Amino acid sequence: MHRNSFSGRRAFMSSFSLGALAAGLSVIPSPWSSVKAAVPKQTLYTPGSWLEKIKGPHKVVIDSPEVNAGNAIHWTENLYNSFEQENVPASEVTVVCVLRHFGIFLGMNTAVWAKYNLAEMAQLITPYGETLKENPMYEGNSELFGYEMRGIKGLIEQGAVFVICGLALEKGAGFIAEQNGMDKEEAKKDFMDSVFPGIEVVSSGVWAVARAQEQGCSFIYASK
2 MHRNSFSGRR
12 AFMSSFSLGA
22 LAAGLSVIPS
32 PWSSVKAAVP
42 KQTLYTPGSW
52 LEKIKGPHKV
62 VIDSPEVNAG
72 NAIHWTENLY
82 NSFEQENVPA
92 SEVTVVCVLR
102 HFGIFLGMNT
112 AVWAKYNLAE
122 MAQLITPYGE
132 TLKENPMYEG
142 NSELFGYEMR
152 GIKGLIEQGA
162 VFVICGLALE
172 KGAGFIAEQN
182 GMDKEEAKKD
192 FMDSVFPGIE
202 VVSSGVWAVA
212 RAQEQGCSFI
222 YASK
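Throughout, this note's numbering is defined as the position within the sequence shown, counted from one, plus 1.
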C-alpha cells in the first residue's frame with residue numbers, strides 16, 4: 002500500500018510548486034474566461050476569527066515551512082516562558098504559529114501519521130537524536146524533549162494562535178494518494194480531519210504570515 006515508504010520528499014515539494022504555477026497560470030485570460038466567470042468560485046476556507054485573537058503589545062508570528070525538530074512549537078513555548086520570567090502577563094502576548102509546507106506534519110495527529118507513514122517525511126527528531134514515529138506535539142512530551150512542555154493544546158490555552166496551510170494539506174494528500182494508488186478524496190478528508198483541535202485551517206500559510214505581520218507581529222523563521 003505504501004510504495005517506497007513515501008520517501009519522495011523532493012517530489013512532494015514539487016507538487017506544491019506545480020500547484021502554485023497552475024494557480025498563477027489560471028489568471029491568464031483565455032477564450033474560456035467568460036465561461037469560468039459565470040460559475041461562482043467556491044471558497045474552501047474563511048479567515049475565521051484567528052486574526053481577532055492577535056492582541057497585546059507583544060505580538061510575534063513564527064513561520065514554520067519545515068518540521069525542523071518541532072522548533073516552531075518549542076520556540077512558541079520559549080517565548081511564553083520568557084515573557085513570564087519578565088512578569089509580562091499572558092494577556093499582553095500573542096504568538097501566532099503558522100504551519101505550512103512540510104511544517105503541516107506538526108499539526109496532524111498520530112492516526113494519520115500511521116495510516117500514511119508520514120513519519121518518513123516528517124523526520125521529527127528529539128534533542129537526543131531519536132526519530133519519532135508518532136506526533137507528540139499536541140499534548141507535549143516533557144521527557145522526550147527535556148523541558149516542561151505545554152504542547153500545542155496548552156499553548157492555545159495560554160493564548161497562542163495556531164494556523165495550518167490548507168493548500169499544503171490538499172496538495173500533500175493528493176500527492177501521497179497518487180503515488181500510492183489510493184483514493185485522493187479519502188486522503189484529503191483524512192488530512193483535513195487529522196488537524197489538531199484549535200488549529201485553524203487557512204487558505205495558505207504564506208497568506209497567514211503576511212496577514213499576521215499586517216497586524217503588527219514581529220517575524221521569526223523556525224529554522225533548525
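For each residue, glycine too, the CB sits at the ideal point set by N, CA and C.
Note that the structure is a prediction, hence the values are computed from the model and not measured.
Asked                                                                                                         : Found
Counted within 10 angstroms of its Cβ, other Cβ atoms place T95 as buried (16 or more) or exposed             : buried
Proximal residues to M109 (C-beta, below 6 Å), its chain only, five neighbours per side dropped               : S195
Anticipated Cβ contact below 8 Å, L100 with A73, distance rounded                                             : 7 Å
Residue range of the unbroken alpha helix (DSSP H) whose run includes D184                                    : Run containing D184: none; DSSP gives neither H nor E here.
Buried or exposed (CB count within 10 angstroms, at least 16 for buried), F1                                  : There is simply no residue 1 to check, as the chain begins at 2 and stops at 225 in what is shown.
Run of the alpha helix (DSSP H) containing S143, from where it starts to where it stops                       : 143-146
Own chain partners of K225 with C-beta closer than 6 Å, once the 5 adjacent residues on each side are dropped : N69
Burial state of L26 (16 or more Cβ within 10 Å)                                                               : Residue placement at L26 cannot be trusted, given a pLDDT of 29 that sits under 50; what the coordinates show is reported in the next sentence. So L26 counts as exposed.
Where Y1 falls, given that 16 or more other Cβ within 10 Å makes a residue buried                             : Absent from the model: residue 1. The displayed extent of the chain is 2 to 225, so no value can be given.
Under the three-state DSSP convention, the category T111 falls into                                           : helix
C-alpha distance - G175 paired with L133, whole-angstrom precision                                            : 24 Å
Alpha-carbon spacing of D191 relative to I153, whole angstroms                                                : 20 Å
Beta-carbon gap between I126 and C166 smaller than 7 Å                                                        : no
Endpoints, the beta strand (DSSP E) within which H102 is located                                              : Looking at the DSSP string, H102 is not in any beta strand (DSSP E), and its letter there is neither H nor E.
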